[in-house]
Amino acid sequence: MDVIFEISNGIQIPMEVGSFDTVLEMKERIQNLQGFPISRQTLVFNGQVMSDESDTQFYNVFDGSRIQLIIEPEPTAILPPAAPVTTTGSGQLDLMVLLMDGTKVPVEMKIYDKVGELKIELERLHEHIHFDLPSQYFFIHNNNVMDDNRTFHWHHVNDDDTIEIFPGYMTDAPEGS
Numbered sequence: 001m002d003v004i005f006e007i008s009n010g011i012q013i014p015m016e017v018g019s020f021d022t023v024l025e026m027k028e029r030i031q032n033l034q035g036f037p038i039s040r041q042t043l044v045f046n047g048q049v050m051s052d053e054s055d056t057q058f059y060n061v062f063d064g065s066r067i068q069l070i071i072e073p074e075p076t077a078i079l080p081p082a083a084p085v086t087t088t089g090s091g092q093l094d095l096m097v098l099l100m101d102g103t104k105v106p107v108e109m110k111i112y113d114k115v116g117e118l119k120i121e122l123e124r125l126h127e128h129i130h131f132d133l134p135s136q137y138f139f140i141h142n143n144n145v146m147d148d149n150r151t152f153h154w155h156h157v158n159d160d161d162t163i164e165i166f167p168g169y170m171t172d173a174p175e176g177s
């Protein structure tokens with residue numbers, strides 16, 4: 001079957017995949033065709049991060065499916081642990097949250113807040129401002145999926161950074177993998 005891998009910059013990569021190809025096998029083909037290292041690839045289908053051990057049938061991928069390909073930046077682009085994170089001086093971050101429709105919502109968070117607290121803040125703002133917020137979503141910062149249980153500091157989020165909302169939810173690897 002033919003599927004299309006879509007990168008956030010608009011590039012589309014058509015590829016033929018088998019009904020029982022694993023996610024890891026698809027990543028290997030992407031690496032061979034495009035040169036993106038497997039370790040930097042995250043595949044998302046129907047809002048769900050795909051586990052390397054699972055196959056296309058597990059995710060109900062069919063002919064013509066579109067799979068999001070998130071490429072993490074080069075390791076050299078990641079700040080070293082000792083590098084200071086830029087804030088307003090009080091440990092406060094002025095952030096922009098980019099919604100799916102292109103709307104930007106300004107929020108203030110603390111550098112050591114967990115990312116999950118941003119969801120609480122967006123829910124609170126949603127009651128007053130009424131913007132389009134998916135029922136299930138996760139955050140992406142600099143093409144990296146953010147862990148709700150980690151802090152903004154851990155994710156190297158700086159003052160004035162933009163965090164994108166991606167509809168769907170995160171899953172763990174299937175049992176036995």
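So the sequence shown is numbered by UniProt numbering: it starts at 1 and just counts up by one.
Glycine included, C-beta positions come from ideal geometry on N, C-alpha and C.
Just so you know, these numbers come straight off a predicted model, no measurement behind them.
Where V115 is concerned, there is no enclosing alpha helix (DSSP H), because DSSP gives it neither an H nor an E. Here L122 is buried, its C-beta having at least 16 other C-beta atoms within 10 Å. Taking a cut-off of 8 Å on C-beta distances, the stretch 13-20 does not touch the stretch 102-110, as fewer than three cross pairs fall below it.
Judged by their CB atoms, I140 and L69 are not nearer to each other than the 8 Å cut-off. Nearest Cα to E72 within the set S54, P37, L118 and V61: P37. Leaving aside the five residues that flank D55 on each side, the residues in its chain whose CB is nearer than 7 Å to its CB run, in chain order, F20, D21 and T22. The residue among V157, M96 and F138 with its C-alpha nearest the C-alpha of D113 is V157. Q48 and G168 have their alpha carbons spaced roughly 6 Å apart.
Within the UniProt domain "Ubiquitin-like" (1-72), the runs of beta strand (DSSP E) at least 3 residues long that lie entirely inside it are, in chain order, 2-7, 12-16, 41-45 and 66-71. A straight line joining the alpha-carbon of F138 with that of R29 spans about 27 Å.
Contact between M109 and F152 holds, since their C-beta atoms are separated by about 6 Å, short of 8 Å. Taking a contact as a CB-CB distance under 8 Å, the pair V115 and D148 counts as one, their CB atoms being some 5 Å apart.
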